[in-house]
Each structure stands twice: as C-alpha cells, then as structure tokens.
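Chemist: Residue numbers (my numbering), protein chains in the order written: chain A, 8 to 383; chain B, 795 to 1029.
For each residue, glycine too, the CB sits at the ideal point set by N, CA and C.
The structure presented is a predicted model; accordingly, all values stated were derived computationally and were not measured.
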Amino acid sequence: MSLSVDIRHRQGDFRLEAKFESAGRLTALFGRSGAGKSSLVSMIAGLTRPDHGCITIDGEPLVDTEKRVYVPAHRRRVGYVFQEGRLFPHLTVRRNLLYGRWFRSAAERYTGLDDVVDLLGIAPLLDRSPARLSGGEKQRVAIGRALLASPRLLLMDEPLAALDEARKAEILPYIERLRDKIGLPIVYVSHSVAEVARLATTVVTMANGTVTAVGRPSDVLSRPDLVPGADEAEAGAVLKAVIQSHDDIFGLTTLTAAGGMLTVPRLHRPLGTPVRVRVRARDVMLATEPPHGLSALNVLTATIREIGEPHGPVVDVRLDAGGAQLTARLTRRSVSMLALAPDLPVYAVIKSIAFDEANLSLAPQYGTDVAVEGGN
Amino acid sequence: MFDWFTLSAEEQAAVLLSLKVALWATCASLPFGVAAAYALARGQFWGRALLDGVVHLPLILPPVVTGYVLLLVFGRNGMVGAFLAEQFGIVLAFRWTGAALACAIMGFPLMVRAIRLSLEAVDRRLEEAAGTLGAPPLWVFATVTLPLIAPGIVAGMILSFARAMGEFGATITFVANIPGETQTLSSAIYTFTQVPGGDAQALRLTLIAVVLSLGALLLSNTLSRRIARGIGQST
C-alpha cells in the first residue's frame, strides 16, 4: 500500500500545506496539537474537502482538485477510528460492529465477526449497549467496527488520547496485532512520543500545518528539533535490539543492541525476538571514563556526534553508539565540566528501570507482511 | 336523569370524526414535517428565513384567517382546489379531508419545531462515522439520524395530534360544521353551547376531549421514555 498526500488548504487563519508519501505499515502523523494532523486525516477519510491538491492510495486518486475527482467518504474504503469512539448509542455492540458489513461485496470482505471479536477480546460485550462500556472497551469496539467494514487503509486519530495509562496499555497490544497479524496499513495520529516509538514503521512529523520530516522512527525521533516542546520530557531515541538471555532470579532480560548489551526488566518473549527500546534523553548520563561502583546496569560505548543548541540550562548531546543514534540530555555545566566535544569517545549510562513497559515493544515484523486475512 | 355514558349517534360521529381527522392530519403531514425540519436545521439555501416564516404563519395568524386562505386556495373555485377537482376529482372544501388539511396546517409549525430541535441536537459526528463505514447518505439518515430523533418525532406528532383535536377556527371556516361530515368534537361542543339545554351534552363532550388529550399526552411520555432508553440516553 502506498499513500501519497499533496494538499493545500485554508481554514480561517490556519493554513495547511502538506506533502508526503508513505508505503509504511503504520505511518504515524506526529506533532503537537494544532499542527494539522487531524485535518489531514479527515481529508484522507473524505470528511473535509481540501482546497487544492490530491490524495491517492496505490495510485488511485481519492481527491484530485485539478482533475475534479472527489470520491465521497462512503466509497473510499478508508476506515476511521475516532478519538472519542463515536459508537452508535441506539445500537448494541454487536449491531455497531456489523454496521459497515453490508456495504462491501463478499470479495472485498477480508474478515468476519468471529475473527474480529477474538482479535479484540470483546466477546463478553456483544449484547451490551455502548453507554455501558468503559473507555477502553469503547475504543476496542470502535476498532472492530472499522475493521469489519473491510477498509484498505485504517485511520486512527489519537485513539488513546482520552484514556488513562492503564487503558492505553490495554489497547496498544491490539493495535500491534492489527499491524502485524492482519497487515492492514494504518495511519496513526498522535502527539505522544511513546506511542509513536512503539508503533510506527514510518513517522511523518508536522508543525504549524506543514510536514517537517518523513522517515523511520529511529531516525526521526532522535532529532530534538523535530520532537519539540509538546513532549519535552519524552524526547529520546529508539534502538533496535534482540533478546539475548533471560535472568529469572533477578527478573531481568538482556538485549543485544548496536553499541552493547542492555539489561531491562524481564520480557516474556522467546530468545531472539526483535524488540524496540526507547531511550529517553533525560535517562542517559555520560562519563568520559569507564564508570565503576555504579548501580546502573547499562553502559554503552559511544562517540559524540554533535552538541546541540542549548535551551535554558539544558543541552542535547547526540551520540553514535555502534551505528545507533542516542541522545543524552545534560546540563550546560556538565558539558563544560567534562569538556565534551564532537568525536570524543564517551560511556552512556542508562538505568535499567528507565525502561518501563511503555518503552519496550515488539518490533514490527518487517518482511512478514501477511496477506490480508482474518486475524486470529 | 341525564345519561352520562350513552352518546347520541351525532355525538359519536363527532368524536370518531375528530379522531380520524387528527390521525390523518398527523400522519400525512409527518413526512413533510421531517423534510421541513431537516431543511431548516441543516439546509443552507437562499430563502431559508422565508421558509421558516411560512412554516410558522399558522401559529401567528388568527385561525379564521388561515381557514379563509385555505378556502380561497383549495375551495372549488380556488387555484389549487379547481385543479385538484378537475384532474383528480379530489374535493377538499366541506369534506372531512378538508378538515384534515386544515388541522395538518395548524399543527405543522408545532411538529416542525419539535423535530427541528431534536435534529439540531443530533451529534453529526455519528453520521460522519457511519459514512466512513461505507453507508451512503440516505442510509445514514434512515439508520442513524432517524432513530436518534425519534423522541422529537414522537413529541412533534403528539403536539400536532393535540392541536388537531382542538382545532376549531380554521376548520369551521374552511369546511363548515356539517353533522356526520365535518362536525368535529370542537364544532359539536360549540353547536351544543348555542342551543338551549345543550349544556349537559357540551360538558359530556368536553370531558371526552379532556380524556382523549390526557391519554395522548401519557402515551407520548411513555413512548419517549421507552425510545430514549432504546437509544441509550437517560431521560
């Protein structure tokens, strides 16, 4: 699946000028509130008509203002999971799920009620009314309802924003399953670095109505200039790693990453499983000598690539750890005391408990795109 | 001793005619009421304010004026009346169908107001969601919008029905007061108050009118509650 967007739109004082292409399995639209992410998604869905430009899926135009093409929302086969669920209050969960079923021919349908109910774990909810569901349950039903309309692209507009941390943790694995098991292309809107780092295969960053970067999460999320203020404390890098060994006595798992070994809280996955680790810049310390007498378990050897522009007392130092990019957030004073400079070899120290659940996730299974079929 | 429980044939005819006229007026005007409410709530077109004014006219004009206008337009020599009589053999003036038309028009603004209010309260994002699931606009209207405005439709129908049961001025001007043909409950009460010794009969019919109207109100409340429960809203 390839999605191509090139539009210009004006809404009051707000100007949206977005251009990007993505063939990613899960394309994250990332940026702070008001950057234009939701407007863009609503144009892909056909709920807003752009002033100028075109949007195509696999070369087939959904909108092309020059050729005067406009496919209405109900003929696009583009699913939409809204931030607030938008379940039909007058229908039971079952009838909500089946609502979109009748508008697709048998050939277009690729999943059935039983498969979707299994995938999302919503069997006990089927006969309830939406008013009697929790926030997390509502979102799972909303995802199921969109899936059963057999879309060729699924848009998710901050589907977790209205949920608390526990509910978020409840939904995230289901989104990973959509991405990896059903192989449905997804465009995911978010302003949370943690979600994007965990889910995305391609990241499109947006600010003030324009696209500022497109790339792989490991490249884009390590650039503090693209991951601005909205989530200041959350900025960081994404490392790819493989599970090396488990330590059941201390409840730890050792990962091999570029640049060295990482010890993280026990992961319940087999050896050899590829994972993603997000390292927040504020969790990284630097030392110029091999540290000893230290409780932190993770010490990676690295080289300083660049020392960023200071903002306030803080400086982001970008590192190269055996090919992987890492960012350390230090005070200006530390930088000057240690005489840090580009090309200086350093030791990056990370506490193991910095890796909580939200920062560890299964890597998307590249190259194992399952042909679209019922998830189970 | 006056018998409170036995109605004369004429009185029975008046009660039944009123019910028939009110039911027809309410049901036949419903599609137009929904269409007008939709146009006023959602439409953006030239003349929307004018349509709003025209719909509300029967509410602000004296009923006799409305009845007289109906007579001018739908009477045998009226523009529409003559056309209907020649082309389709439909005559409205001085028939019960004319009474139904008069009642429908008098109740129309009330019906449109109720439906319009509930339409404006519908969360349009639900309709958008239905669209993204592949539902064409008419289907969305039938399966999402209509069920959500059902309480408003019930309320509008009851208001229209009650207005029709009580309608007097426009009806008597347009279709007169012919026993067995156009004499409704209200006209019958009026007639009894005009004859010496008719007080008891007028009072009896008045009580019937009270019971019918109260019954309609209670029925509508029950229905609305049941519907509201069905669409997951608390009352």
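Whole angstroms is fine: what's the gap from residue 265(A)'s alpha carbon to residue 257(A)'s?
Modeler: So the alpha carbons of these two residues sit roughly 24 Å apart.
Chemist: Residues in its own chain within less than 6 Å of residue 238(A) by CB, not counting five upstream and five downstream?
Modeler: Any reading at residue 238(A) must be qualified, since the residue scores a pLDDT of 49, below 50, and its modelled position is unreliable; the value itself is stated next. Contacts found: 200.
Chemist: At least one CB of chain B closer than 9 Å to the CB of residue 195(A): is that the case?
Modeler: Not an interface residue.
Chemist: Enumerate in chain order the residues of its own chain whose CB-to-CB distance from residue 1006(B) is below 7 Å, with the five nearest sequence positions on each side excluded.
Modeler: These residues qualify, in order along the chain: 959.
Chemist: For residue 1031(B), decide whether its Cβ has a neighbour in chain A, counting only Cβ atoms nearer than 9 Å.
Modeler: With chain B represented from 795 up to 1029, any question about residue 1031(B) goes unanswered, as that position is not in the structure.
Chemist: Are residue 316(A) and residue 322(A) touching if we call contact CB-CB under 9 Å?
Modeler: Contact flag set, yes.
Chemist: Under the assumption that residue 176(A) contacts residue 87(A) (Cβ atoms under 8 Å), give the Cβ distance between them as a whole number of angstroms.
Modeler: Wrong, their Cβ atoms sit about 23 Å apart, outside the cutoff.
Chemist: Is the separation between the beta-carbon of residue 274(A) and that of residue 282(A) shorter than 9 Å?
Modeler: Against a cut-off of 9 Å, the Cβ pair of residue 282(A) and residue 274(A) comes out as a contact.
Chemist: Helix, strand or coil for residue 11(A)? Go by DSSP, reduced to three states.
Modeler: In the structure shown, residue 11(A) sits in a strand (DSSP, three-state: E or B).
Chemist: Residues in its own chain within less than 7 Å of residue 26(A) by CB, not counting five upstream and five downstream?
Modeler: Around residue 26(A): 12, 13, 218.
Chemist: Does the region 144-164 of chain A come close enough to the region 91-101 of chain A to have 3 or more Cβ pairs within less than 8 Å?
Modeler: Contact between the region 144-164 of chain A and the region 91-101 of chain A is present, because at least three Cβ pairs lie under 8 Å.
Chemist: Could you tell me whether the Cβ atoms of residue 84(A) and residue 186(A) are closer together than 9 Å?
Modeler: No, the Cβ-Cβ distance between residue 84(A) and residue 186(A) is not below 9 Å.
Chemist: I'd like to know if residue 797(B) contacts chain A, where contact means its C-beta is closer than 9 Å to some C-beta of that chain.
Modeler: It does not; no Cβ of chain A falls within 9 Å.
Chemist: Of the residues 343(A), 163(A), 120(A), 244(A), which one's Cα is nearest the Cα of residue 46(A)?
Modeler: Checked all of 343(A), 163(A), 120(A), 244(A); the closest Cα to residue 46(A) is 163(A).
Chemist: In its own chain, which residues sit with a C-beta less than 8 Å from the C-beta of residue 236(A), not counting the 5 before and 5 after it?
Modeler: Summary for residue 236(A): the model assigns pLDDT 48, below 50, so the residue's position carries little reliability; its value from the coordinates is reported in the next sentence. Answer for residue 236(A): 39, listed in chain order.
Chemist: On the criterion of 16 or more Cβ atoms from any shown chain inside 10 Å, does residue 95(A) qualify as buried, or is it exposed?
Modeler: So residue 95(A) ends up on the buried side.
Chemist: Give me the subset of the region 69-88 of chain A whose CB atoms are less than 9 Å from a CB atom of chain B, sorted by chain position.
Modeler: For the region 69-88 of chain A, which is checked against every Cβ of chain B, the residues closer than 9 Å are 79, 80, 81, 82, 83, 84, 85, 86, 87.
Chemist: Report yes if the CB atom of residue 209(A) is closer than 9 Å to the CB atom of residue 221(A), and no otherwise.
Modeler: Closer than 9 Å, so yes.
Chemist: Threshold first: 3 residues or longer. Then list the beta strand (DSSP E) segments lying entirely within the region 172-256 of chain A, N to C.
Modeler: Runs of the beta strand (DSSP E) inside the region 172-256 of chain A: 193-197, 209-214, 217-222, 243-254.
Chemist: Under the three-state reduction of DSSP, which class applies to residue 26(A): helix, strand or coil?
Modeler: Of the three classes helix, strand and coil, the one that applies to residue 26(A) here is strand, per DSSP.
Chemist: Shorter than 9 Å from the beta carbon of residue 170(A) to some beta carbon of chain B?
Modeler: No, residue 170(A) does not count as interfacial toward chain B.
Chemist: Can you give me the Cβ contacts of residue 948(B) inside the same chain, cut-off strictly under 7 Å, excluding the 5 residues immediately before and after it?
Modeler: Contacts found: 1014, 1017, 1018, 1021.
Chemist: For residue 67(A), write down the residues that DSSP places opposite it in a beta bridge.
Modeler: Bridge partners of residue 67(A): 64(A).
Chemist: In angstroms with no decimal places, state the Cα-to-Cα distance between residue 174(A) and residue 142(A).
Modeler: Distance between the alpha carbons of residue 174(A) and residue 142(A) is about 8 Å.
Chemist: Identify every residue that forms a DSSP beta bridge with residue 103(A).
Modeler: None, per the DSSP bridge assignment.
Chemist: Please check the pair residue 37(A) and residue 198(A), which I expect to be a contact at CB under 8 Å, by giving their CB distance rounded to whole angstroms.
Modeler: The Cβ separation is near 7 Å, so the contact holds.
Chemist: Could you check whether the Cβ of residue 275(A) sits closer than 9 Å to any Cβ belonging to chain B?
Modeler: Cβ-Cβ to chain B under 9 Å: no for residue 275(A).
Chemist: If you measure beta-carbon to beta-carbon, which residues of the region 106-128 of chain A are closer than 7 Å to chain B?
Modeler: Answer in chain order: 106, 107, 110, 111.
Chemist: Give the secondary structure of residue 1013(B) by DSSP, where H, G and I count as helix, E and B as strand, and everything else as coil.
Modeler: Helix.
Chemist: Name, please, each residue of chain A whose Cβ falls closer than 7 Å to the Cβ of residue 941(B).
Modeler: Per Cβ cutoff of 7 Å: 97.
Chemist: Just reading off the alpha helix (DSSP H) that residue 881(B) is part of, what are its end residues?
Modeler: Residues 873-882.
Chemist: What residues from chain B crowd round residue 152(A), counting only those whose CB sits closer than 9 Å?
Modeler: The contacting residues are 923, 927.
Chemist: Could you give the DSSP three-state label for residue 360(A): helix, strand or coil?
Modeler: Note: residue 360(A) maps to helix in three-state DSSP.
Chemist: Can you confirm whether residue 1019(B), when its beta carbon is compared against all beta carbons of chain A, has any partner nearer than 9 Å?
Modeler: No - not a single Cβ of chain A is within 9 Å of the one on residue 1019(B).
Chemist: Between residue 938(B) and chain A, is there a C-beta pair that is closer than 9 Å?
Modeler: It does: the Cβ of residue 938(B) has a partner Cβ on chain A nearer than 9 Å.
Chemist: Pair every Cβ in the region 897-904 of chain B with every Cβ in the region 821-831 of chain B, then say whether three or more of these pairs are closer than 8 Å.
Modeler: Judged by Cβ distances under 8 Å, the region 897-904 of chain B makes contact with the region 821-831 of chain B, as three or more pairs qualify.
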